[in-house]
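Residues in the sequence shown are numbered from 7 upward in steps of one, following the numbering used here.
Beta carbons are placed, not taken as given, at the ideal position from N, Cα and C, and that holds for glycine.
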Amino acid sequence: MQVFGLVGWSGSGKTTLVTRLLPELISLGFRVSTMKHSHHGFDVDTPGKDSYRHRDAGATEVMVASARRWALMHELRGNPEQEVEDLIARMTPVDLLLIEGFKRHAHPKMEVHRPSLGKSLMAPNDPCIVAIASDAPLAGSTVPVLNLDDAAAIAHFIVGHCGMGGGGARGAA
């Protein structure tokens, strides 16, 4: 399973880019999953639901399953945040895993950058950033700069960088 990340400052458009890349990559025949890091406390469950009550009562893991999907919630209960490798190992293997965030982990990444936000580039300080997707030209970049609005070109860059030419599991060309 190939792993490729998207990093950038808050508000740069990482999630929007991921949601635009998915149909592009899938149309090329690749099976793609995503992982998103959250710096905020988050919950996929709501008070009053049976699964919430199970967790609230102390269950370490609660799985909710139906004919359409299943979800596994794991409570850390004071244990440290999981390492990226451990989280990846829990994923069903696919052709490509897109990771949004986890900027400190050493995997190939593309920085999503909008100069209008006034934030500095991460690329000069992160050797794992292999390209930048920007909504404005960036002079002097030591890595390729792609147009943030061209999801097809970005998808092809990722496929090429990951050595995934020739289509995915469904054999697309």
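| Check | Outcome |
| --- | --- |
| Run of the alpha helix (DSSP H) containing F163, from where it starts to where it stops | A157 to H167 |
| Nearest-angstrom Cα separation, counted from S39 out to A65 | 27 Å |
| A71 versus A77: straight-line alpha-carbon distance, rounded | 7 Å |
| S39 in three-state terms, based on DSSP | strand |
| G171 beta carbon near the ligand NAD (any heavy atom closer than 8 Å) | The ligand NAD is not part of this structure, which contains no ligands at all. |
| Contained beta strand (DSSP E) runs [length at least 3] in the stretch 21-79, N- to C-terminal order | 38-42 and 67-71 |
| Own chain residues within Cβ distance below 6 Å of I164, not counting five before or after | F10 |
| Per-residue burial, V50 [other beta carbons within 10 Å of its own, 16 or more giving buried] | exposed |
| Rounded distance between the beta-carbons of A137 and L152, thought under 8 Å | 6 Å |
| Rounded distance between the beta-carbons of L27 and I160, thought under 8 Å | 6 Å |
| Distance CB(A95)-CB(R120) smaller than 9 Å | no |
| Exposed unless 16 or more other CB atoms sit within 10 angstroms - verdict on F36 | buried |
| Per-residue DSSP class, three states only, for V100 | coil |
| Beta bridge counterpart(s) of N85 as assigned by DSSP | BP columns for N85 are empty, so no partner. |
| F10: first and last residue of the uninterrupted beta strand (DSSP E) it sits in | Q8 to V13 |
| Member of V90, H80, S122 and P53 whose CA lies at the smallest distance from the CA of L17 | A small fix is needed here, since residue 17 is Gly in this sequence, not Leu. Among V90, H80, S122 and P53, the Cα nearest to that of G17 belongs to S122. |
| C-beta atoms of V100 and M7 nearer than 9 Å | yes |
| Residues near R176 in its chain [Cβ-Cβ closer than 7 Å; skip 5 each side] | Per-residue confidence for R176 stands at a pLDDT of 45, beneath the threshold of 50, marking its modelled position as unreliable; the derived number appears in the next sentence. Hits under 7 Å: G35. |
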